[in-house]
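Here is the structure we will look at.
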Amino acid sequence: MTALADSRTEPTAGSTPDHILAQATDAARGFLIELAAASDIGEHLGVQGEGDLLVTHLFACMRPGYQGWRWSVTIVRATDQEQPTVNEVVLIPGAEAIVAPAWVPYRERIQPGDLSPGDLLPVEDEDPRLVATYSFGDDPLDSDAKAQVRQVSKDLGLGRVRTLSPEGVDMAAERWYDGDGGPETALAKNAPESCWSCGFLMRLSGHLAGSFGVCANGNANDDARVVSLNHGCGAHSEVKLARKQQPIPVPDHVWDTLTDDEFESL
């Protein structure tokens with residue numbers, strides 16, 4: 003059988019290879035030639051023991067587009083026999099092989115700004131960032147009961163079905179603090195003052211009131227964005243220019259009182 007392995011593999015020191023199988027390099031190459039073209043098979047790279055009477059031979063892969071890959075031929079023999087039998091043949095990547103990056107689910111790849119008008123991003127029922135605002139009854143899996151409670155709550159104007167959980171609050175705080183509105187950005191480190199003392203800061207309410215606010219300075223980079231109280235920028239409400247930073251004053255205008263006749267007589 004032939005397959006592509008899904009992880010990088012290098013010859014490693016496993017169990018001591020069986021002497022007979024370790025010497026069966028030609029037999030292993032013969033098994034490989036039955037499944038791959040001879041031109042795709044390069045030099046023998048080594049042997050590694052996989053277990054009792056089980057050995058893997060590695061060959062360089064010369065197939066175009068598979069630089070750094072190698073053929074792995076695992077052979078086995080019975081206790082009372084010297085003739086090896088092929089167990090499996092796979093193509094595996096080495097340390098220098100070009101492989102596809104690890105697959106990441108679409109939901110985890112989405113970044114702020116990726117959604118376009120009309121795009122929908124449903125939230126899972128069991129999203130740990132959210133908790134139910136009110137109980138759905140004895141059976142939380144009963145969809146009919148959920149629908150009834152939602153409808154009654156909507157009619158009574160009781161508000162949102164779910165709100166942020168403590169975990170959701172912590173995740174948001176960590177994301178904001180580590181982001182562009184946190185204290186570790188170049189903008190914040192070079193700011194003369196922090197946001198906590200800025201007149202343009204609008205405080206948040208709730209659990210995050212002591213750590214974050216919203217910038218309301220239309221001239222600042224962070225306008226309308228959440229910033230940590232120890233963030234900062236050069237548009238602080240109390241920032242003043244040093245004397246050497248102030249613009250050079252423009253001299254007063256000079257009025258020319260000469261007439262054309264006086265100018266010609268000069």
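All you need for this note's numbering is the position in the sequence shown, starting with 1, plus 2.
Ideal Cβ placement from N, Cα and C applies to all residues, glycine included.
- Contact between the region 62-73 and the region 33-53 is present: three or more C-beta pairs spanning the two stretches fall below 8 Å.
- Nearest in C-alpha terms to residue 215, of all of 90, 203, 158, 171, is 203.
- Taking all protein chains in view, the Cβ of residue 50 is crowded by 16 or more other Cβ atoms within 10 Å, so the residue is classified as buried.
- A Cβ-Cβ contact shorter than 8 Å links residue 133 with residue 167.
- When only Cα atoms are considered, residue 258 and residue 224 end up about 49 Å apart.
- The region 194-201 makes no contact with the region 162-181: fewer than 3 CB pairs, one atom from each, lie closer than 8 Å.
- Here the C-alpha atom of residue 90 lies approximately 8 Å from the C-alpha atom of residue 74.
- Sequence-distant Cβ neighbours of residue 79 in its own chain, meaning closer than 8 Å and more than five residues away, are 20, 22, 23, 55, 85, 86, 87.
- Setting aside the 5 residues that flank it on each side, residue 30 is surrounded in the same chain by 59, 75, 77, each with a C-beta closer than 6 Å to its C-beta; the list follows chain order.
- When DSSP reads this structure, residue 50 sits in a beta bridge with 58.
- Shown here, residue 239 sits in coil according to DSSP, grouped into three states, outside any helix or strand.
- Burial check for residue 123: the Cβ neighbour count within 10 Å stays below 16, so the residue is exposed.
- In the DSSP assignment, residue 256 falls outside any beta strand (DSSP E) and carries neither an H nor an E.
- Its Cα nearest to that of residue 192, the residue 238 stands out among 69, 238, 117.
- Look at residue 64 here: in three-state DSSP terms it is coil, with no helix or strand label.
- Of the candidates 217, 37, 209, 207, 217 places its Cα closest to the Cα of residue 184.
- Comparing C-alpha distances from residue 35 to each of 231, 53, 61 shows the shortest one belongs to 61.
- In its own chain, leaving out the 5 sequence neighbours on each side, no residue places its CB closer than 8 Å to the CB of residue 120.
- Pairing residue 208 with residue 242, the inter-Cα distance amounts to about 33 Å.
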